[in-house]
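First to last, the protein sequences are chains A and B.
Residue numbering for the first sequence follows the numbering used here, starting at 3 and increasing by one per position.
Residue numbering for the second sequence follows the numbering used here, starting at 5 and increasing by one per position.
These notes are about the structure you will find just below.
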Amino acid sequence: MGDADLIVIGAGPAGMSAARRAADCGLSVLILDEQPAPGGQIYRDVDRASALRGDLLGKDFTGGQKLTQRLNHESITHLKGAVVWQIEDQACVSYTQAGQGAVATAKRILLATGALERPMPMPGWTLPGVMTAGAAQILLKQSGIACERAVLVGSGPLLYLIASQMLRAGVPPLALVETQTRQDFARSLRHLGGALRGWPYLLKGLKMLWELRRGQIHRYVGATNIAIEGDQAARAVTFSSGGKTRRIASDNVLLHHGVVPNTQMARSVDIPHHWDNLQSCFVPECDNWGRTAVPAVFIAGDGAGIGGAKAAALAGEIAALAIAHDLDKLTQASRDAAAQPLRAGLHKERAARPFIDTAYPAYPGALSPQDSTIICRCEEVTAGDIRRMAALGCLGPNQTKAFGRAGMGPCQGRYCGLSVTRILSDANGTAPDITGHYRIRPPIKPVTLGEIAGMKNHVTSEEKND
Amino acid sequence: MKPGSNFRELTPMPDTALVDVRFGTQALRLPLGENLAAALLVAGVMPFRRTPVSGAPRGPFCMMGACFDCLVKIDGVTRQACMLTVAEGLEIEMPAAKGDLDG
Ligand SMILES: Cc1cc2nc3c(=O)[nH]c(=O)nc-3n(C[C@H](O)[C@H](O)[C@H](O)COP(=O)(O)OP(=O)(O)OC[C@H]3O[C@@H](n4cnc5c(N)ncnc54)[C@H](O)[C@@H]3O)c2cc1C
Ligand code: FES
């Protein structure tokens with residue numbers, strides 16, 4: 003019965019590791035990902051890109067090939083370019099592949115849809131030429147395309163990683179405008195003990211900083227009042243740093259202040275979420291096997307809380323063990339024994355997290371943006387509009403839809419949801435958990451009538467392109 | 005890198021076939037199979053669309069199918085350019101924006 007024992011959504015580190023571990027336990031696995039190649043965000047198109055430009059992307063990137071190779075197993079079917087837009091009746095997945103809608107069923111589903119960049123609303127952030135730093139990195143990894151004379155704005159290890167990759171590619175950024183402060187660093191020191199247990203990350207961080215220094219990339223720290231100037235496109239970044247107002251002319255402004263779980267799919271099946279104070283975002287609720295309140299649905303990887311690629315891979319395997327046990331392929335004792343070293347690994351992977359999260363917090367200016375700043379990119383709703391809704395009695399994000407059109411555009415709140423929750427919470431003096439988040443209803447990705455009309459019930463052999 | 009573009013191909017691959025694509029009235033030659041949003045950026049296309057609310061210009065923001073700022077219209081269907089690849093003969097238009105009749 004069904005197309006597979008397990009459907010994994012997302013072929014990033016979490017999904018790939020889960021698929022293999024489940025297959026090794028004797029489960030049949032269908033893995034769906036909207037991208038044309040496996041890898042997820044960190045290892046985007048890793049098989050092709052490593053051969054073409056592995057040297058500039060670094061070993062941490064090319065190492066991802068070990069994971070994509072793990073998909074070569076007779077019990078794993080990988081459907082590439084399959085956009086999942088609905089999960090129904092717990093284990094019935096609707097997706098579109100090459101313009102054709104289809105439904106696949108399984109006994110269990112694992113959500114491994116990863117992270118999104120934290121929205122960074124600031125004046126001018128909707129102008130052409132402004133992208134997420136991750137977008138610039140995707141262009142570099144997947145297409146070998148570099149963004150010239152860019153300014154990187156924000157904070158965090160990923161910002162340094164992207165800067166050093168750009169430097170190695172021979173297209174160094176003009177400058178890094180960093181938002182973390184000395185106070186943030188001082189506060190992070192009390193987590194130094196944990197960080198030292200995760201020393202390889204610290205070492206990598208120091209190496210990247212050294213590389214940027216040697217490359218003479220200018221770093222401005224503690225930046226505030228950041229704005230992007232331009233009329234039809236970005237032309238400059240302005241900010242205050244070190245007591246001075248500065249302006250850097252640039253047509254490419256790349257924003258990044260951390261990543262947050264992509265909770266769209268988990269919310270669409272009503273998995274409860276709670277607010278994580280340290281990471282300033284919502285995370286779906288699950289136990290330490292990835293099991294959620296929705297019986298057949300598990301969740302693993304950055305989509306369940308940010309931990310990075312290695313933690314994601316470990317969590318994927320742990321969820322696979324639990325699913326194999328659920329489906330009588332593994333005794334409880336062997337499940338627990340197999341999970342033990344994975345959990346120890348996870349513990350180590352997470353050790354440096356509190357230090358990193360405290361040293362590189364979200365940019366306060368983007369958490370409470372000025373009134374004129376656009377929050378909902380799709381419907382062009384500003385922070386001031388949302389504050390006015392709060393003054394009229396709007397308590398939660400779903401009510402903003404009644405007051406205006408925030409969150410009703412095609413992105414369905416992916417890049418405004420957290421900001422709206424935050425602004426309403428601040429305005430009403432309520433905790434984010436009380437304010438809540440947009441209710442997400444399927445389809446979570448746009449689907450055309452033609453795609454639905456031609457819906458098929460099965461995976462045909464021609465589609466099994468792996 | 006084409007004039008007007010801030011995006012440069014680091015290692016252009018000489019054996020990639022170029023195919024004819026139109027963006028509005030612009031005739032382009034783009035690498036077959038390349039990510040469409042990436043190819044349009046290198047070709048200097050900007051903006052990709054104008055918003056339905058104010059008519060403001062927009063271009064790719066996330067390159068991962070999440071923001072919908074890269075929307076273009078192909079064969080009458082509005083789609084995300086960053087989730088498509090270049091194919092021979094694509095006729096691309098800007099989706100309807102504020103002030104357009106077929107809103
Ligand atoms: C843009 C970006 C760049 C990043 N770069 C790095 C980096 O260089 N180094 C680093 O250490 N960390 C990076 N990260 C952090 C990253 O989140 C993790 O390190 C790692 O990728 C998490 O693995 P994962 O398996 O949980 O999710 P991901 O790797 O994000 O994989 C999730 C997969 O789910 C798929 N998916 C999502 N929604 C759907 C849907 N509806 N239908 C079908 N498929 C879907 C996506 O296409 C994706 O392939 C990046 C994050 C982002 C957002
Ligand atoms: S650039 Fe964000 S969806 Fe295409």
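Ideal placement from N, C-alpha and C gives every residue a C-beta, glycine not left out.
Open item on the list: Would B:ALA101 and B:PRO56 be called neighbours here (beta carbons separated by less than 8 Å)?
Closed with: In this structure, B:ALA101 sits near B:PRO56, with a CB-CB distance shorter than 8 Å.
Open item on the list: I'd like to know whether the C-beta of A:GLN88 is nearer than 8 Å to at least one C-beta of chain B.
Closed with: Look at A:GLN88: its C-beta is not under 8 Å from any C-beta on chain B.
- [ ] Would you kindly check if the distance between the Cβ of A:PRO363 and the Cβ of A:ASP233 is under 8 Å?
- [x] Not a contact, by the Cβ cut-off of 8 Å.
- [ ] Reducing DSSP to helix, strand and coil, say where A:TRP212 ends up.
- [x] Three-state result, A:TRP212: helix.
TODO: For the region 208–237 of chain A, enumerate the residues whose C-beta is nearer than 7 Å to any C-beta of chain B, in chain order.
DONE: The residues in question are GLN234, ALA235.
Open item on the list: Are there any heavy atoms of ligand 2 lying less than 7 Å away from the beta-carbon of A:ALA16, as far as the coordinates show?
Closed with: Result no, Cβ not under 7 Å from ligand 2.
Task: Endpoints, the alpha helix (DSSP H) within which A:ILE230 is located - done: Unbroken run through A:ILE230 is the beta strand (DSSP E), 226–231; no alpha helix (DSSP H).
Open item on the list: Quick check on A:ASN290: does DSSP put it in helix, strand or coil?
Closed with: Look at A:ASN290 here: in three-state DSSP terms it is coil, with no helix or strand label.
- [ ] From the DSSP output, in three-state form, read off A:LEU344 for me.
- [x] Reduced to three states, the DSSP call for A:LEU344 is helix.
- [ ] For A:TRP212, count neighbouring C-beta atoms within 10 Å of its own C-beta (all shown protein chains included) and say buried if the count is 16 or more, exposed if not.
- [x] With fewer than 16 other Cβ atoms from the protein chains shown falling within 10 Å of its own Cβ, A:TRP212 counts as exposed.
Task: Counted within 10 angstroms of its Cβ, other Cβ atoms place A:HIS439 as buried (16 or more) or exposed - done: So A:HIS439 counts as buried.
TODO: Could you tell me the distance, in whole angstroms, from the CA atom of A:ALA324 to the CA atom of A:VAL299?
DONE: Taking the straight line joining both Cα atoms gives about 12 Å.
Open item on the list: Here's the rule I'm using: 16 or more other beta-carbon atoms within 10 Å means buried, otherwise exposed. How should A:SER96 be labelled?
Closed with: By the neighbour-count rule (16 or more Cβ atoms within 10 Å), A:SER96 is buried.
TODO: Rank A:LEU32, A:ALA353, A:PRO297 by C-alpha distance to the C-alpha of A:ARG199 and give the top, closest one.
DONE: It is A:ALA353 whose Cα lies nearest to the Cα of A:ARG199.
TODO: Leaving out five residues on either side along the sequence, give the residues of the same chain with a beta carbon under 6 Å from the beta carbon of B:MET87.
DONE: Answer for B:MET87: GLY69, listed in chain order.
TODO: Let me know if A:ASP468 comes out buried or exposed under the rule of 16 or more other beta-carbons within 10 Å of its beta-carbon.
DONE: Per-residue confidence for A:ASP468 stands at a pLDDT of 42, beneath the threshold of 50, marking its modelled position as unreliable; no derived number is given.
Task: Reduced DSSP secondary structure (H/G/I, E/B, other) of A:TYR162 - done: A:TYR162: helix per DSSP, three-state reduction.
Task: For A:TRP127, the three-state DSSP class (helix, strand or coil) - done: Here A:TRP127 carries a coil assignment [DSSP, helix/strand/coil].
Open item on the list: At a CB distance below 9 Å, what residues from the region 53–82 of chain B approach chain A? Give them in sequence order.
Closed with: The residues in question are THR55, PRO56, VAL57, SER58, ALA60, PRO61, ARG62, GLY63, PRO64, PHE65, CYS66, MET67, MET68, GLY69, ALA70, CYS71, PHE72, ASP73, LEU75, VAL81, THR82.
Task: Element boundaries [alpha helix (DSSP H), containing A:THR437] - done: In the DSSP assignment, A:THR437 falls within the alpha helix (DSSP H) that extends over 434–437.
- [ ] Check whether the Cβ of A:ALA340 lies closer than 7 Å to any heavy atom of ligand 4, and answer yes or no.
- [x] Summarising the ligand content, the structure contains ligand 1 and ligand 2 and does not contain ligand 4.
Open item on the list: Based on DSSP bridge pairs, tell me the residues matched to A:THR98.
Closed with: Answer is A:VAL85, A:GLY103, bridged to A:THR98.
Open item on the list: Can you tell me where the beta strand (DSSP E) holding A:THR247 begins and where it ends?
Closed with: DSSP places A:THR247 inside the beta strand (DSSP E), whose first and last residues are 246–251.
Open item on the list: Mapping the DSSP letters down to three states, classify A:ILE41 as helix, strand or coil.
Closed with: The question names Ile, but residue 41 of chain A in the sequence shown is Gly. Coil at A:GLY41, not helix or strand.
Open item on the list: In this structure, how does DSSP classify A:PRO274 when only helix, strand and coil are distinguished?
Closed with: Looking at A:PRO274 - three-state DSSP - the assignment turns out to be coil, as it is neither helix nor strand.
Task: Chain-order list of residues whose beta-carbon lies under 7 Å from that of A:SER157 (same chain, five-residue window excluded) - done: For A:SER157, where only same-chain residues beyond five positions count, the Cβ hits under 7 Å are GLU180, THR181, GLN182, HIS259, TYR362, TYR365.
Task: Proximity test, Cβ basis, 8 Å: A:GLN334 and chain B - done: No - not a single Cβ of chain B is within 8 Å of the one on A:GLN334.
Open item on the list: Taking 8 Å as the cut-off, does the region 331–346 of chain A touch the region 37–46 of chain A (at least 3 CB pairs, one atom from each stretch)?
Closed with: In the pairwise beta carbon analysis, the region 37–46 of chain A is classified as not touching the region 331–346 of chain A: fewer than three pairs are separated by under 8 Å.
Task: Under 7 Å by beta carbon: chain B residues contacting A:ASN254 - done: What A:ASN254 touches in chain B: ASN10.
- [ ] Would you kindly report the start and end of the unbroken alpha helix (DSSP H) that includes A:PRO15?
- [x] First-last of the alpha helix (DSSP H) with A:PRO15: 15–26.
Task: Closest Cα partner of A:MET457 within the set A:GLY66, A:LYS61, A:GLY17, A:GLN102 - done: It is A:GLN102.
Task: Among A:ARG416, A:VAL132, A:SER166, nearest to A:SER270 - alpha-carbon criterion - done: Comparing Cα positions, the closest option is A:ARG416.
Open item on the list: Under 7 Å: does the beta carbon of A:VAL86 sit that close to some heavy atom of ligand 1?
Closed with: Because some heavy atom of ligand 1 lies under 7 Å away, the Cβ of A:VAL86 counts as near it: yes.
TODO: Determine whether the Cβ of A:ILE140 lies closer than 8 Å to any Cβ atom of chain B.
DONE: Yes, A:ILE140 lies at the interface with chain B (some Cβ there is under 8 Å from its Cβ).
Task: Cut-off 6 Å between Cβ atoms - residues of its own chain near B:LYS77, not counting five sequence neighbours on either side - done: Within the same chain, B:LYS77 has close Cβ partners GLU97, PRO99.
Task: C-alpha gap between A:PHE241 and A:ARG424, whole angstroms - done: Here the alpha carbon of A:PHE241 sits roughly 23 Å from the alpha carbon of A:ARG424.
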